[in-house]
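Structure first, then comments.
Residue numbers (this note's numbering): 1 to 752.
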């Protein structure tokens with residue numbers, strides 16, 4: 001009984017501590033809610049009356065101005081308001097305005113809380129107390145274009161907030177009291193039940209029913225424990241973070257060290273001949289390559305890609321292979337050659353004038369041509385032939401990458417029926433209505449269903465794909481297993497959010513942040529206290545580069561304190577320039593940047609710097625580490641690895657990521673400043689907030705994002721797919737043996 005009362009007392013004490021903690025949290029939260037509510041209401045009130053305030057802002061129109069202020073304070077919680085000239089003199093005030101909050105007094109508080117660099121002070125808020133209770137003060141600057149007229153002071157009653165907080169606290173305490181009483185009663189009941197169960201078990205033991213009363217449950221528990229220990233032992237390799245070593249272990253465990261074959265249009269290394277005649281090696285500006293190349297270095301295998309470099313043919317052996325990376329030679333690159341007609345029809349035509357705009361909501365009309373479709377089919381078969389030539393088993397693991405090869409899984413399946421084919425679609429998958437635009441939609445879906453596993457970045461894209469199957473093909477959809485069954489074959493449809501290697505190899509050799517910043521400032525001719533923003537993209541209309549520059553323009557319009565100090569650097573790699581839409585984009589971006597520079601530039605200062613050329617990863621990381629913010633403004637994107645690269649580059653835990661809500665990365669990097677890139681006011685406000693953000697908040701946000709990237713890196717992405725593929729292959733092998741045994745038994749019976 002004593003132990004029972006001790007447990008009840010312990011529970012009661014624990015609940016009391018929990019109640020105190022909850023009381024504190026509730027108190028803090030209600031304070032925060034009240035503060036945010038007041039600030040928002042105050043800003044909205046002044047914005048609504050701004051035109052009238054500007055119209056009557058004169059010593060000669062005090063009566064009209066006072067009437068506007070009276071209208072402002074009609075809210076029952078608003079007490080009084082006054083208007084102050086820049087020299088802190090009163091222009092007009094409501095009758096109940098407290099004398100102690102004179103313009104001069106407010107102006108001094110305003111000045112202490114303002115940014116000394118700002119040409120126009122920001123909003124100031126404070127709390128004070130009058131004999132009737134606490135009040136909230138807000139001082140908001142009033143401007144007419146670039147001219148500062150003065151500021152408006154609003155006084156709000158905070159008594160209602162105290163009353164609401166008191167009511168919430170009482171309710172919370174009453175609730176915890178009830179919970180404490182209920183828990184105590186439940187503990188007493190459980191204690192009595194336990195005592196009766198013990199007596200009953202003892203009687204059964206004395207009756208000799210030992211095995212049934214004791215040993216069977218005991219043996220069952222021990223057996224479950226042993227099974228769990230064995231399972232944990234078998235999965236011991238999964239302990240800790242995903243690394244190249246852990247991925248290799250998974251490969252050896254599940255696939256017995258077999259090599260992986262990757263099919264991708266883009267090659268990880270391009271050999272080009274320079275003007276001097278020497279051969280140079282370049283890394284393409286590709287998120288796909290950024291993600292997949294570390295996996296290939298960890299797992300070895302073969303990367304099959306289109307050889308498009310001017311010196312690619314000069315560097316391969318007689319089998320069109322070359323060991324890469326240069327100097328490390330950890331895996332094979334097999335190059336496939338295309339004719340100019342095939343490249344134009346398959347890559348520039350069907351893939352990038354058809355499927356690319358079809359999949360992205362970025363206001364470009366998809367173009368589909370019958371000739372392009374024929375080339376697309378031919379090239380997909382050509383790559384399937386290359387897979388057949390490179391595998392060393394009849395049931396290999398093949399990773400097919402992206403929208404260039406929607407037909408390849410089916411073609412590979414025809415050549416290698418027992419292959420485990422994983423297709424990963426790196427761009428968004430459109431809804432079924434939009435996908436229905438494609439004249440060959442059924443053929444594309446049927447080709448993709450040759451995969452064993454079909455991966456997308458997000459569950460939304462998986463759902464869109466399954467909806468397309470449901471609408472356009474005869475197939476059974478297993479929504480519980482997230483799978484499609486067609487012609488007796490099952491394709492799993494899974495979300496696998498792609499990521500980066502961790503830590504990044506480019507970070508290992510990168511200069512310090514101080515060195516990076518110093519070199520970038522010198523290269524751009526900027527002052528030591530300059531503020532730098534950076535964007536890194538291919539010149540593509542889905543990346544929102546025009547909207548990004550317009551947001552910078554809007555920033556300089558709304559926040560003149562950043563003029564002459566903030567420079568946005570856009571690293572833009574030319575892309576698909578054979579397509580008219582891309583050539584036009586290049587011209588439009590250059591014209592827009594020139595217009596903003598002409599409008600806000602002074603002397604050598606340019607607010608927008610366009611660096612339109614290919615940049616190797618070390619250069620990109622140098623700009624990442626030198627910048628104060630990175631703006632990713634994609635209008636629609638599957639993931640967008642630039643956002644993750646920026647966080648990976650900032651081991652100093654500085655810098656701010658401003659991120660479009662239309663990227664897959666926005667679902668993971670919630671600590672970024674998430675914006676709608678079409679909303680220039682919101683985007684420019686986020687840029688201003690990023691430039692004014694304290695080091696402590698930068699550190700907290702960046703540390704959280706980097707922690708997520710460390711846990712959910714590209715090795716985890718690949719490992720999950722490999723594990724799923726291995727389970728599928730084991731199941732298929734078992735099914736194959738069962739079928740073989742059944743056929744053998746039938747044949748034997750027939751012979752007899």
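A virtual CB, placed ideally from N, CA and C, is assigned to each residue, including glycine.
Where residue 375 is concerned, the enclosing alpha helix (DSSP H) starts and stops at 370-390. Secondary structure at residue 481: coil, using DSSP grouped into helix, strand and coil. Per the C-alpha coordinates, the member of 355, 512, 363 positioned closest to residue 439 is 355. With a cut-off of 8 Å on Cβ pairs, the segment 555-564 is not in contact with the segment 640-659, counting fewer than three such pairs. About 5 Å separates the Cβ atoms of residue 531 and residue 628, confirming a contact at the 8 Å cut-off.
A straight-line Cα-Cα distance of about 20 Å links residue 274 and residue 325.
A Cβ-Cβ contact shorter than 8 Å links residue 593 with residue 610. Nearest to residue 369 by C-alpha distance, out of 384, 348, 282, 362, is 348. Within the segment 538-566, the complete alpha helix (DSSP H) segments at least 4 residues long are 545-558, listed from N- to C-terminus. The residue among 428, 140, 272 with its C-alpha nearest the C-alpha of residue 284 is 272. Annotation: residue 403 to residue 684 spans about 34 Å, alpha carbon to alpha carbon. A contact between stretches requires three or more CB pairs, one per stretch, nearer than 8 Å, and the segment 573-588 fails this requirement with the segment 697-707.
In its chain, beyond the 5 residues on either side, 573 have a beta carbon closer than 6 Å to the beta carbon of residue 614. Remark: C-beta atoms of residue 292 and residue 264 approach each other more closely than 8 Å. Per DSSP, the continuous beta strand (DSSP E) segment holding residue 79 begins and ends at 78-84.
DSSP links residue 495 through a beta bridge to 456.
Residue 101 has its alpha-carbon roughly 14 Å from the corresponding atom of residue 131. Shortest Cα-Cα distance from residue 658 to any of 155, 568, 605 involves 568. Here the C-alpha atom of residue 608 lies approximately 38 Å from the C-alpha atom of residue 88.
When DSSP states are grouped into helix, strand and coil, residue 45 belongs to the helix group.
Taking a C-beta distance under 8 Å as the contact criterion, residue 717 and residue 499 qualify as a contact pair.
Within the same chain, Cβ atoms closer than 8 Å to the Cβ of residue 258 are found at 251, 392, 393, 396, 397, the five residues on either side in sequence being excluded.
Pairing residue 380 with residue 407 gives a Cβ-Cβ distance under 8 Å. Assignment of residue 123 by DSSP, reduced to helix, strand and coil, places it in the coil class.
Of the candidates 278, 584, 589, 560, 589 places its Cα closest to the Cα of residue 570. Counting only runs of 4+ residues, the alpha helix (DSSP H) found wholly inside the segment 603-686 occupies 617-626, 641-649, in chain order. Per DSSP, residue 423 lies in no alpha helix (DSSP H); the unbroken beta strand (DSSP E) holding it starts and ends at 420-424.
In summary, residue 47 is exposed, with fewer than 16 beta-carbon neighbours lying within 10 Å of its beta-carbon over all protein chains present.
DSSP places residue 335 inside the beta strand (DSSP E), whose first and last residues are 331-336. In this model, residue 508 and residue 464 are separated by some 40 Å (Cα to Cα). As computed with DSSP, residue 302 is found in a beta bridge with 261, 332. In the structure shown, residue 532 falls within a strand segment according to DSSP collapsed to helix, strand and coil. The beta carbon of residue 566 lies closer than 6 Å to those of 531 in the same chain, with the five residues before and after it left out.
Taking 8 Å as the upper bound for CB-CB distance, residue 639 and residue 497 are in contact here, some 7 Å apart. Under DSSP, residue 157 shares a beta bridge with 135. By the Cβ test, the segment 475-489 is not in contact with the segment 525-545, since fewer than three Cβ pairs between them sit closer than 8 Å.
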